[in-house]
Amino acid sequence: MIALVEDRIGRMNQFIDFDIKSIENLQIITETDLSDLKTDLDQGVTDKLDIFDCLIFHRSALTNTQRETIKVYCKNKIKPLVFFSGGISSSFYNDSTFPYLHINSRDLYSNNLKMFSNHSDQHHIINLLVLQYGSKWKTNQLLIIKEDLNIRYQLKKIKRIMDLNIPKNQIKDFDLDWLDKDDFTEISDDQIKQFRVTLDKLIYDSI
Numbered sequence: 010m011i012a013l014v015e016d017r018i019g020r021m022n023q024f025i026d027f028d029i030k031s032i033e034n035l036q037i038i039t040e041t042d043l044s045d046l047k048t049d050l051d052q053g054v055t056d057k058l059d060i061f062d063c064l065i066f067h068r069s070a071l072t073n074t075q076r077e078t079i080k081v082y083c084k085n086k087i088k089p090l091v092f093f094s095g096g097i098s099s100s101f102y103n104d105s106t107f108p109y110l111h112i113n114s115r116d117l118y119s120n121n122l123k124m125f126s127n128h129s130d131q132h133h134i135i136n137l138l139v140l141q142y143g144s145k146w147k148t149n150q151l152l153i154i155k156e157d158l159n160i161r162y163q164l165k166k167i168k169r170i171m172d173l174n175i176p177k178n179q180i181k182d183f184d185l186d187w188l189d190k191d192d193f194t195e196i197s198d199d200q201i202k203q204f205r206v207t208l209d210k211l212i213y214d215s216i
């Protein structure tokens, strides 16, 4: 189940062009339920959120302290978290400690939200990249990896596995045994070349 916490229902209805209430694995938390949730957060109580697999919050619906409480909770539970706002100009994703996405309100309330909920329901996994990029999420993420890899390679900053900067949800796609080792394991030039060849193939296959 996905929780969508929104204090501006009018804005949601303005952006969205499908029946959001028909999404069975999405629960909208607003008005009285939102007020009760904020009261709980002020007291450090988060157990009511345990039933959800993913939390999506309108950023300004919470105070700074409440947001920090949510972030600590999601970090401890390794639970996917999304903050959306009209003031966010470009989306940002990070999964170094737990899956975490910042996204613009208009981008959130697009068909990507429906696609994200369907993907979560069908595959029984939360993939925030589907919410961020839609059907081309894999291609976009691989291209970002390649761009970052090229910069790091030119600067000679690739010494260990962690320097490849691969999102955890995509490591298995590369099917390279040495990638499963400790992040601090040193890698050779041949392994870097092998990684680049595999990356190019994955990009080609995803298009």
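Each residue of the sequence shown is one higher than the last, beginning at 10 in the working numbering.
By construction, the Cβ of each residue, glycine as well, lies at the ideal position given by its N, Cα and C atoms.
Buried or exposed for residue i, please, with buried defined as at least 16 other CB atoms from any protein chain shown within 10 angstroms of its CB.
i      : result
Asn121 : buried
Phe61  : buried
Val81  : exposed
Glu15  : buried
Gln150 : buried
Leu164 : exposed
Phe183 : buried
Ser114 : buried
Phe66  : buried
Ser31  : exposed
Tyr213 : exposed
Ser99  : exposed
Ile167 : buried
His128 : buried
Ile134 : exposed
Please state whether DSSP places residue i in a helix, a strand or coil.
i      : result
Ile167 : coil
Tyr118 : coil
His67  : strand
Leu90  : strand
Phe183 : helix
Ile11  : strand
Phe24  : helix
His111 : strand
Compare the Cα-Cα distances from residue i to each of the options and report the closest residue.
i      : options                           : result
Met124 : Arg115, Leu140 and Ser114         : Leu140
Ile112 : Lys177, Asp130, Gln131 and Leu137 : Leu137
Ser153 : Ile65, Ile29 and Arg205           : The identity of residue 153 in the sequence shown is Ile, whereas the question assumes Ser. Comparing Cα positions, the closest option is Arg205.
Leu64  : Thr48, Ser99, Asp42 and Leu35     : Leu35
Glu77  : Lys210, Asp51 and Asp209          : Asp51
Glu40  : Ile18, Leu58 and Ile25            : Ile18
Asn103 : Pro176, Ile170, Thr194 and Gly95  : Pro176
Ser69  : Ile160, Gly95, Gln203 and Ser126  : Gly95
Ile11  : Lys84, Ile25 and Ile37            : Ile37
Asp42  : His132, Lys202, Leu13 and Lys181  : Leu13
With a cut-off of 8 angstroms on the beta carbons, I'd call residue i and residue j a contact; round off their distance for me.
i     : j     : result
Phe93 : Leu71 : Incorrect: roughly 12 angstroms between the Cβ atoms, too far for contact.
Lys47 : Gln75 : 6 angstroms
Would you say the beta carbon of residue i comes nearer than 7 angstroms to a heavy atom of the ligand NAD?
i     : result
Cys63 : With respect to the ligand NAD, the structure shown offers nothing to examine, as it has no ligands at all.
Is it true that the segment 84 to 97 meets the segment 107 to 116, where meeting means three or more beta-carbon pairs spaced less than 8 angstroms apart? yes
Count the CB pairs spanning the segment 136 to 152 and the segment 188 to 202 that are closer than 8 angstroms, and state whether there are at least three. Counting Cβ pairs under 8 angstroms, fewer than three are found: no touch.
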